[in-house]
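Engineer: Keeping their order, the protein sequence lines are chains A and B.
Be aware that the first sequence starts at 30, since it is given in my numbering, and climbs by one per residue.
Be aware that the second sequence starts at 51, since it is given in my numbering, and climbs by one per residue.
This is the structure I want to talk about, given as structure tokens.
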Amino acid sequence: MIRVENITKRFGNYPALHGIDLEIQPGEFIALLGPSGSGKTTLLRIIAGLEFQDEGHVHFNGEDVSDIPVGKRNVGFVFQQYALFRHMTVADNIAFGLTVRKARNRPPKAEIKARAQELLRVVQLEGLGDRYPGQLSGGQRQRVALARALAIEPSLLLLDEPFGALDAKVRKDLRRWLRDLHKQMGLTSIFVTHDQEEALELADRVVVMDHGRIDQIGTPEQVYMEPATAFVSHFVGETNRLPDGRHIRPHDIEIVAEGRDRVIVDNVFRKGGSWRVEGRLHETGTIVEIDVDSHDTPPAVGETVAIAAKRARIFSTAEER
Amino acid sequence: MTRKTRKITPGTESRIAQVLLITLALAFLAFFLMLPLIAVFSEALKQGIGPFLDAVANPDAFSAIRLTLIIAAISVPLNMVFGLAASWAITKFSFPGKNLLLTLIDLPFSVSPVVSGLIFVLLFGAQGLLGPWLSAHGVKIIFAVPGIILATVFITFPFVARELIPLMMEQGKEDEEAAVSLGANGWQTFWHVTLPNIRWGLLYGVLLCNARAMGEFGAVSVVSGHIRGETNTMPLHVEILYNEYDFVGAFAVASLLAALALVTLVLKTVLEWRFDLHSGARH
Numbered sequence: 030m031i032r033v034e035n036i037t038k039r040f041g042n043y044p045a046l047h048g049i050d051l052e053i054q055p056g057e058f059i060a061l062l063g064p065s066g067s068g069k070t071t072l073l074r075i076i077a078g079l080e081f082q083d084e085g086h087v088h089f090n091g092e093d094v095s096d097i098p099v100g101k102r103n104v105g106f107v108f109q110q111y112a113l114f115r116h117m118t119v120a121d122n123i124a125f126g127l128t129v130r131k132a133r134n135r136p137p138k139a140e141i142k143a144r145a146q147e148l149l150r151v152v153q154l155e156g157l158g159d160r161y162p163g164q165l166s167g168g169q170r171q172r173v174a175l176a177r178a179l180a181i182e183p184s185l186l187l188l189d190e191p192f193g194a195l196d197a198k199v200r201k202d203l204r205r206w207l208r209d210l211h212k213q214m215g216l217t218s219i220f221v222t223h224d225q226e227e228a229l230e231l232a233d234r235v236v237v238m239d240h241g242r243i244d245q246i247g248t249p250e251q252v253y254m255e256p257a258t259a260f261v262s263h264f265v266g267e268t269n270r271l272p273d274g275r276h277i278r279p280h281d282i283e284i285v286a287e288g289r290d291r292v293i294v295d296n297v298f299r300k301g302g303s304w305r306v307e308g309r310l311h312e313t314g315t316i317v318e319i320d321v322d323s324h325d326t327p328p329a330v331g332e333t334v335a336i337a338a339k340r341a342r343i344f345s346t347a348e349e350r
Numbered sequence: 051m052t053r054k055t056r057k058i059t060p061g062t063e064s065r066i067a068q069v070l071l072i073t074l075a076l077a078f079l080a081f082f083l084m085l086p087l088i089a090v091f092s093e094a095l096k097q098g099i100g101p102f103l104d105a106v107a108n109p110d111a112f113s114a115i116r117l118t119l120i121i122a123a124i125s126v127p128l129n130m131v132f133g134l135a136a137s138w139a140i141t142k143f144s145f146p147g148k149n150l151l152l153t154l155i156d157l158p159f160s161v162s163p164v165v166s167g168l169i170f171v172l173l174f175g176a177q178g179l180l181g182p183w184l185s186a187h188g189v190k191i192i193f194a195v196p197g198i199i200l201a202t203v204f205i206t207f208p209f210v211a212r213e214l215i216p217l218m219m220e221q222g223k224e225d226e227e228a229a230v231s232l233g234a235n236g237w238q239t240f241w242h243v244t245l246p247n248i249r250w251g252l253l254y255g256v257l258l259c260n261a262r263a264m265g266e267f268g269a270v271s272v273v274s275g276h277i278r279g280e281t282n283t284m285p286l287h288v289e290i291l292y293n294e295y296d297f298v299g300a301f302a303v304a305s306l307l308a309a310l311a312l313v314t315l316v317l318k319t320v321l322e323w324r325f326d327l328h329s330g331a332r333h
């Protein structure tokens, strides 16, 4: 179990994290989700031991590792830009963590080689061991970085924006592949992302962060359906924020015959499996997005329609940041 | 048809400018760089290869060459280590006084070499700050080889660091962090990760450092004392021979220095080519 206790970190005058508490169960797949500047990467680096907290503690399985540097925490870290060693072959990159071990802990050469081959198989890059990182595609490099981190048999896998540098299609494939890999290996993993879709799809639990604090920890279902704060509500998934403090998802709005809230339709377009209607509240001009089932007929542009919320959450407007 | 020619013409004006500029640059280069270079070699070989070889094999010339090689052999490795350490510290760590260090590295470039030499005389000379103490202990720095080495190290300090700092800044510290996270110690990280990443830049810096170490005149002239056969480096020896109207001798030794510069230029070009190739392959 990983326990993070009251972690505080400042960079000069800039407060990066305030009193972070977090517990992670063995085998869990955790997403640290937040916008840039939310402190998610700093938290990941502190858990790794690449950065040190000003206050607070990090425990791995009951052991206080707060002052132990990254090399002795037995964590696998996958960097956003992969940080592959460009002058080494792919196989040498993967084997690096084993070859730098002290002689008495170092497996024999043949065993290291076999281990690298095995990991190449795990990340589906068999036969590419003799290539150099520069000769691989982005997705392949990402998998090499992962294999290299796994080679040291870490007790915890940490990934910093693992799909950030990839294009949409590769990103999706790799996401699915990583989820399967996690299921097979059951390795406790934490990844940082700013993409809520990624977090909801992959993680067992999502930690939503903003301004160096945790706003909510919960399953994707909880975070999406029962956002704890106004920030979570609009950062995770799409939300209409009405002037009275109601937060309503586009798919939770119905167009009705009679109603208090009236919307002037500005734009209608097809969005995947449904229609997306964009409009303005008649009274305040607040922009509203509505999903209409693709079998129904959407309203016409320029029309004024009445709406009703099937489901809404209310946050005090003072809470809005 | 007219339309077509007009479409081509806009290029002609800039083409004239292009030709003019290239001609100007080439003429300037020929006059200020190539001509002197040719003059050095032709003066050196004016009376045939015999006198040239005699001049180079002259005991004083020989000892100047030897001293220059010794100075370079000591100061270049020292500055390689200093330069690496400074670049590493500046690019991988943050600490108070970092900007000051960055400024100080440039100091030898911004101060006149003569002043640099004088600083050492003021520090270690007979009338200097540490002079009495040094002479009491029988240590001779000024007008001796240690002084020349000190001055040369000072003058050539920025070359390696200036070459490495931008390179290492661009590369960031992720590679090192990756190595450390995989369990590598400091030395393994440096040897297996950092050094391969910077090797071409380092070699280039060392080359420039070496060229300057062998060619430095001003600072060395102040601290050397010009003792023939003892504290004369090649540039100082050239001056002495020239002042004594031994033109063949002066130009013969000068041509060796010039040859060194040419070799450095060729190596630099080769390195730059490899460097581009290397950094090109990264993306």
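All C-beta atoms in this analysis are idealised placements derived from N, C-alpha and C, irrespective of residue type, glycine included.
#1: Between the beta-carbon of ARG291 (chain A) and the beta-carbon of VAL221 (chain A), is there less than 8 Å?
#2: Go ahead and pull the three-state DSSP assignment for HIS88 (chain A).
#3: Are the C-beta atoms of VAL152 (chain A) and some chain B residue less than 8 Å apart?
#4: Do you know how far the Cα of GLN169 (chain A) is from the Cα of VAL152 (chain A)?
#5: Would you say HIS211 (chain A) lies against chain B (beta-carbon separation less than 8 Å)?
#6: Do three or more CB pairs link the stretch 148-168 of chain B to the stretch 227-241 of chain B at distances below 8 Å?
#7: Using a Cβ cut-off of 8 Å (strictly closer), state whether PHE108 (chain A) contacts chain B.
#8: By a C-beta neighbour count over all protein chains shown, 10 Å radius and 16 as the cutoff for buried, is GLU227 (chain A) buried or exposed?
#9: In three-state DSSP terms, what is MET30 (chain A)?
#10: Cutting at 7 Å between CB atoms, please list the residues of its own chain near ILE121 (chain B), excluding the five before and the five after it.
#11: Relative to the alpha-carbon of VAL294 (chain A), which residue among A:LEU186, A:ILE319 and A:ARG160 has its alpha-carbon at the smallest distance?
#12: DSSP state of ASN42 (chain A), grouped into three classes?
#13: Say whether chain B places a C-beta atom closer than 8 Å to the C-beta of ALA145 (chain A).
#14: The beta strand (DSSP E) with ILE246 (chain A) in it runs from where to where?
#15: Just the C-alpha distance for ARG39 (chain A) and ASP83 (chain A), rounded to the nearest angstrom, thanks.
#16: Please list the partners that ALA77 (chain A) has in chain B, where partner means a Cβ-to-Cβ separation under 8 Å.
#17: Would you call LEU232 (chain B) buried or exposed, if buried means 16 or more other Cβ atoms sit within 10 Å of its Cβ?
#18: Quick one, which of A:GLY105, A:PRO272 and A:GLU312 has its alpha-carbon nearest ALA176 (chain A)'s?
#19: Report the CB separation of ALA60 (chain A) from VAL236 (chain A) in whole angstroms; it is logged as a contact under 8 Å.
#20: Give a yes or no on whether the minimum CB-CB distance between ASP296 (chain B) and chain A is below 8 Å.
#21: What residues from the stretch 123-146 of chain A come within 8 Å of chain C, judged by C-beta to C-beta, listed N to C?
#22: Taking Cβ-Cβ distances shorter than 7 Å, what residues in chain A pair up with GLN238 (chain B)?
#23: Runs of 4 residues minimum, wholly inside the stretch 138-187 of chain A: which ones carry the alpha helix (DSSP H) assignment?
#24: Counting pairs of beta carbons, one from the stretch 40-60 of chain A and one from the stretch 242-260 of chain A, are three or more of them closer than 8 Å?
#25: Closest to GLU122 (chain A) by C-alpha separation, out of B:GLY265, B:ASN260, B:ALA228 and B:THR118, would be which residue?
#26: May I have the straight-line CA-CA distance separating ARG340 (chain A) from HIS86 (chain A), to the nearest angstrom?
#27: Chain B partners of ALA45 (chain A), CB-CB under 9 Å?
#28: Output yes if chain A places a C-beta closer than 8 Å to the C-beta of PRO146 (chain B); else output no.
#29: HIS116 (chain A) CB to nearest chain B CB: under 8 Å?
#30: Between ASP225 (chain B) and chain A, is the shortest Cβ-Cβ distance under 8 Å, so that the two count as touching?
#31: For the beta strand (DSSP E) containing VAL104 (chain A), list its first residue and its last residue.
#32: Would VAL14 (chain A) and ILE76 (chain A) qualify as a contact pair, given that the criterion is a beta-carbon distance under 8 Å?
#33: Can you check whether the CB of THR217 (chain A) is closer than 8 Å to the CB of PRO55 (chain A)?
#34: Between the C-alpha atoms of ASN296 (chain A) and ARG234 (chain A), what's the straight-line distance to the nearest angstrom?
#35: Relative to the alpha-carbon of PRO162 (chain A), which residue among A:VAL119, A:ARG133 and A:HIS223 has its alpha-carbon at the smallest distance?
#36: Within 8 Å of any Cβ in chain B, is that where the Cβ of ALA341 (chain A) sits?
Structural biologist: Working from what's here:
#1: no
#2: strand
#3: no
#4: 9 Å
#5: no
#6: no
#7: yes
#8: buried
#9: coil
#10: ILE198, ILE199, THR202, ALA263 and THR283
#11: A:ILE319
#12: coil
#13: no
#14: 242-247
#15: 7 Å
#16: SER231
#17: buried
#18: A:GLY105
#19: 7 Å
#20: no
#21: The structure shown contains no chain C; its protein chains are A and B.
#22: VAL129
#23: 138-151 and 167-179
#24: yes
#25: A small fix is needed here, since residue 122 (chain A) is Asn in this sequence, not Glu. Among B:GLY265, B:ASN260, B:ALA228 and B:THR118, the Cα nearest to that of ASN122 (chain A) is on B:ALA228.
#26: 40 Å
#27: Residues of chain B passing the Cβ test: none, with the nearest at roughly 15 Å.
#28: no
#29: yes
#30: yes
#31: 104-107
#32: With chain A represented from 30 up to 350, any question about residue 14 (chain A) goes unanswered, as that position is not in the structure.
#33: yes
#34: 36 Å
#35: A:VAL119
#36: no
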